[in-house]
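Some notes on the structure that comes next.
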Amino acid sequence: MEKYQEAREKSLKCLNIADHMLTMTYPLVRDSKLLVAVMENLFLAQANALAAILYWERLYKRIPPFHDNFESKLNLFRSYIIKKYNVSAGYIGLLQEVKELIYEHKQSAIEFSRKNRFVIASDDYRLKTLSMKQMKDILQKTKLFIEQILTLLEENERSVRKVH
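Convert by adding 1 to the 1-based position in the sequence shown; the result is the number in my numbering.
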């Protein structure tokens with residue numbers, strides 16, 4: 002199995018986990034700490050979708066080699082993929098927003114639950130909150146992003162099969 006196929010499968014798996022946690026588990030348990038797990042799975046789904054299209058392009062030597070880290074992949078996506086495939090640049094903001102939330106969570110000094118929200122406090126007490134509504138919004142946008150990436154991959158695979 003090619004690297005892009007593995008990344009595509011991981012992306013779908015993480016998306017399904019996040020979706021299930023948000024729509025099935027969270028309403029039953031009502032523990033706002035689950036929102037962090039949802040966010041982490043959404044990030045992994047996004048990052049793997051990003052990797053899938055980049056690995057595809059790299060397989061056919063259409064983009065230069067890249068480091069296997071999020072920033073490097075995001076920069077290549079911004080430089081090559083958005084223009085080539087006419088992907089909405091708004092997805093860059095989505096990817097950065099979720100990445101920033103993950104970073105804030107990892108760096109946070111204090112975290113607590115309040116009124117069905119998960120609150121992340123930085124060292125200087127700037128607060129970020131995670132809510133069910135916010136995670137549903139990110140989930141919907143992530144689904145659209147991944148759907149567009151998978152469509153691009155399928156179209157590319159079909160065009161390559163026609164040539165061979």
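Think of the CB as a built atom: it goes at the ideal place given N, C-alpha and C, for glycine as much as any other residue.
What you are looking at is a predicted structure, and each value in this text was computed from that prediction instead of being measured.
Taking the beta carbon of Tyr56 as the centre, do at least 16 other beta carbons fall within 10 Å, making it buried, or is it exposed? buried
Roughly how many angstroms separate the alpha carbons of Asn87 and Lys34, rounded to a whole number? 37 Å
Contact between the segment 90-102 and the segment 122-140: three or more CB pairs below 8 Å? Output reads yes: the segment 122-140 touches the segment 90-102.
Pull the bridge partners of Leu128 from the DSSP assignment, please. Ala122
Would you mind reading off the limits of the beta strand (DSSP E) that contains Phe113? Element bounds for Phe113: Ile111 to Arg115.
Compare the C-alpha of Ser12 against each of Val120, Glu72 and Ala48 and name the closest. Ala48
In its own chain, which residues sit with a C-beta less than 7 Å from the C-beta of Lys137, not counting the 5 before and 5 after it? Leu23
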